[in-house]
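A.B. asks: Dropping the structure in here first, questions after.
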Amino acid sequence: PLMMAAENGHAHTVKALLDLRGNPLAMESEGWTALHFAALNGHQQCVAALLPVTSPTPAHPEAHTPVHLASYYGHVEVLEQLAGAGWPLTARDSDGNTPMHSAAAGGRVTCVQWLVQRGGDTSMQNNAGHTPLDEELVTAVEEGDEAGVRSALDRGARPEVTVPIDAGESWSLLTVAAFKGHEHLLSLLLQAGLSIEGGGTTDITPLMMAAQNGHAHTVKALLDLRGNPLAMDSRGWTALHFAAWEGHQQCVAALLPFTPPTPAHLEAHTPVHLASYRGHVEVLEQLAGAGWPLTARDSDGNTPMHFAAAKGRVTCVQWLVQRGGDTSMQNNAGHTPLDKELVTAVMEGDEAGVRSALDRGTRPEVTVPTDAGESWSLLTVAAFKGHEHLLSLLLQAGLSIEGGGTTDITPLMMAAQNGHAHTVKALLDLRGNPLAMDSRGWTALHFAALNGHQQCVAALLPVTSPTPAHPEAHTPVHLASYYGHVEVLEQLAGAGWPLTARDSDGN
Numbered sequence: 001p002l003m004m005a006a007e008n009g010h011a012h013t014v015k016a017l018l019d020l021r022g023n024p025l026a027m028e029s030e031g032w033t034a035l036h037f038a039a040l041n042g043h044q045q046c047v048a049a050l051l052p053v054t055s056p057t058p059a060h061p062e063a064h065t066p067v068h069l070a071s072y073y074g075h076v077e078v079l080e081q082l083a084g085a086g087w088p089l090t091a092r093d094s095d096g097n098t099p100m101h102s103a104a105a106g107g108r109v110t111c112v113q114w115l116v117q118r119g120g121d122t123s124m125q126n127n128a129g130h131t132p133l134d135e136e137l138v139t140a141v142e143e144g145d146e147a148g149v150r151s152a153l154d155r156g157a158r159p160e161v162t163v164p165i166d167a168g169e170s171w172s173l174l175t176v177a178a179f180k181g182h183e184h185l186l187s188l189l190l191q192a193g194l195s196i197e198g199g200g201t202t203d204i205t206p207l208m209m210a211a212q213n214g215h216a217h218t219v220k221a222l223l224d225l226r227g228n229p230l231a232m233d234s235r236g237w238t239a240l241h242f243a244a245w246e247g248h249q250q251c252v253a254a255l256l257p258f259t260p261p262t263p264a265h266l267e268a269h270t271p272v273h274l275a276s277y278r279g280h281v282e283v284l285e286q287l288a289g290a291g292w293p294l295t296a297r298d299s300d301g302n303t304p305m306h307f308a309a310a311k312g313r314v315t316c317v318q319w320l321v322q323r324g325g326d327t328s329m330q331n332n333a334g335h336t337p338l339d340k341e342l343v344t345a346v347m348e349g350d351e352a353g354v355r356s357a358l359d360r361g362t363r364p365e366v367t368v369p370t371d372a373g374e375s376w377s378l379l380t381v382a383a384f385k386g387h388e389h390l391l392s393l394l395l396q397a398g399l400s401i402e403g404g405g406t407t408d409i410t411p412l413m414m415a416a417q418n419g420h421a422h423t424v425k426a427l428l429d430l431r432g433n434p435l436a437m438d439s440r441g442w443t444a445l446h447f448a449a450l451n452g453h454q455q456c457v458a459a460l461l462p463v464t465s466p467t468p469a470h471p472e473a474h475t476p477v478h479l480a481s482y483y484g485h486v487e488v489l490e491q492l493a494g495a496g497w498p499l500t501a502r503d504s505d506g507n
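Residue 122 in the UniProt record's numbering is what sits at position 122 of the sequence shown, and the numbering runs on without skipping anything.
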């Protein structure tokens, strides 16, 4: 209640709550006290009431101090109050920002001047290496404030500073301007010495950023300024790829005259693949009109039709077929586009999609390659994902309850491993073999015990004998013991599994 009253400037209520022993040092999740809320909103009477009962040393060291907040929002009078009560004017928050950084970032010139007059150091850097003036420049670029950018540069802000982003990368200010669509800042930043190709640690150029976000005017401006449309990121994507992925037709139109239809990075997906995957038929029209091949293969042998089918983009598939696309072309895994559609539908648990693909002649016996170099049947995939509603449908299509592909892990083992108890029960009802073993002698019960999946263990115990057929294997008791699953040990012991069995090493 005290924070609420302070936030809304109810000074009499603040005083009444203090008289009633409301705690002025109570903090919310970010470490803010009632004084923070009063400072944030410039409520001087509330600040005056709270200062005598709020120590100038915050208990939450990573939070912004009230001085940071008053600085950011331009409340000089509150700064006077806080300074008079002993609050430090150079404290740092968890990002290394001082109140002067906060004031500069908020464009509060009067606050910056006030802090400088009281000994504030304009050269202090935060964790990103920014001085307060740099922070002012960054904010002006982000907001598209040309006058603010000019002012900061004229006063010595460094245009070469980079901006950290959530992905752990950093962007140049030109990249930021392109990302935001502030084409009016581009020439100014280039004149300040920045590169048209960006900077920082990202391999995404300003042109790619503008294309990704659909800023067609910025794309055209960057091309006029000789931004390189053929520059590629680590995936081999150019600016045209980004525009095609997002379906930004105006950006695609601007980039097509400068991007030849033969990519230099032959293993990358072409823009046609990306537009197909995302369902952008209009972009496909543009690319085809510019000579981009509609049957190019990526490094996995997928054509654009494979991509369209995988995501259920029926309109794109039809469009590609009308232009000579071959529905029988196989990728490196031996999948046709229709197979790819079926695989995706199984992975996503899309029963209607599975039925549709099967009804149109998809081969249910196709297998899915895994990162480990194995291949799984579609029934194994469904079990792994916990899609028990697909099991009967796939069995009716001719698949084996024991799986297939090159792995010796059965669908029942997959379901047990991943804790899909309903899928385990469904597979048992469909006569999946609980005694089947992999090369180590493990049954589905072993996988359930290994991962502590008690419901799966409970379903498997009645159909799994406590005497393992593979004498050298670890028993489920060994696995539950090693991984610390006491509850599973209780279940196994209750079902008669021996607690002193030895493996091949005598353990």
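Don't be surprised by glycine CBs; every beta carbon is placed ideally from N, CA and C.
(1) Taking the alpha carbon of H75 as the point to measure from, which residue in A372, W114 and A459 has its own alpha carbon closest?
(2) Taking buried to mean at least 16 other C-beta atoms within 10 Å of its own C-beta, is T380 buried or exposed?
(3) What are the partner residues of V368, as DSSP defines its beta bridges?
(4) Could you check the C-alpha separation between residue 519 and L89 for me, to the nearest Å?
(5) Are the region 82–96 and the region 132–143 touching by the rule of at least three beta carbon pairs closer than 8 angstroms?
(6) State yes or no: is the C-beta of C251 within less than 7 angstroms of the C-beta of A216?
(7) Would you report the Cα separation of A415 and S392, rounded to the nearest angstrom?
(8) From A264 to H241, what does the alpha carbon distance come to, in whole angstroms?
(9) Need the endpoints of the beta strand (DSSP E) that V343 sits in, please.
(10) Could you give the C-beta distance for T33 and L25, rounded to a whole number, given that I count them as a contact under 8 angstroms?
(11) If contacts are defined as beta-carbon pairs under 8 angstroms, then P466 and P498 qualify, I think. What distance do you get, rounded to the angstrom?
(12) Which of the three DSSP states, helix, strand or coil, is assigned to G405?
(13) Thinking C-beta only, is N332 closer than 7 angstroms to G373?
(14) For a quick check, are the C-beta atoms of L489 and P476 less than 7 angstroms apart?
(15) Please report how far the alpha carbon of R431 lies from the alpha carbon of A352, in whole angstroms.
(16) What is the residue span of the beta strand (DSSP E) that W87 lies within?
(17) On the DSSP letters alone, give me the boundaries of the alpha helix (DSSP H) that S94 sits inside.
(18) To the nearest angstrom, how far is it from the Cα of C371 to the Cα of L207?
(19) Just the C-alpha distance for L50 and L35, rounded to the nearest angstrom, thanks.
(20) How is W171 classed by DSSP in three states: helix, strand or coil?
(21) Please go through the same chain and pick out, in chain order, the residues whose beta-carbon is closer than 6 angstroms to the beta-carbon of M209, but skip the five residues on each side of it.
(22) So, at 7 angstroms on beta carbons, what are the nonlocal neighbours of S328 in its own chain, with the 5 sequence-adjacent residues on each side left out?
(23) How should E77 be labelled, buried or exposed, when 16 other C-beta atoms within 10 angstroms of its C-beta is the threshold for buried?
(24) Can you tell me the Cβ-Cβ gap for T218 and L230, rounded? I've got them flagged as a contact below 8 angstroms.
(25) Alpha carbons only, please: which of L189, G84 and C46 is nearest the one belonging to L144?
C.D. replies: With the structure as the only source:
(1) W114
(2) buried
(3) W376
(4) A question about residue 519 goes unanswered here, because the residues of the chain that appear run from 1 up to 507.
(5) no
(6) yes
(7) 15 angstroms
(8) Note that A264 scores 47 on pLDDT, short of 50, meaning its location in the model is unreliable and no value can be drawn from it.
(9) No beta strand (DSSP E) holds V343; the alpha helix (DSSP H) holding it covers P337 to E348.
(10) 6 angstroms
(11) 7 angstroms
(12) strand
(13) no
(14) no
(15) 25 angstroms
(16) Looking at the DSSP string, W87 is not in any beta strand (DSSP E), and its letter there is neither H nor E.
(17) First-last for S94: undefined, no H or E at that position.
(18) Note on identity: in this sequence residue 371 is Asp, with Cys being the wrong assignment. Going by the C-alpha atoms only, they are around 34 angstroms apart.
(19) 6 angstroms
(20) strand
(21) T175, A178 and F179
(22) T336
(23) exposed
(24) Their Cβ separation, rounded to whole angstroms, is 18 angstroms, which puts T218 and L230 out of contact at 8 angstroms.
(25) Per the sequence shown, the amino acid found at residue 144 is Gly instead of Leu. Comparing Cα-Cα distances from G144 to each of L189, G84 and C46, the minimum goes to L189.
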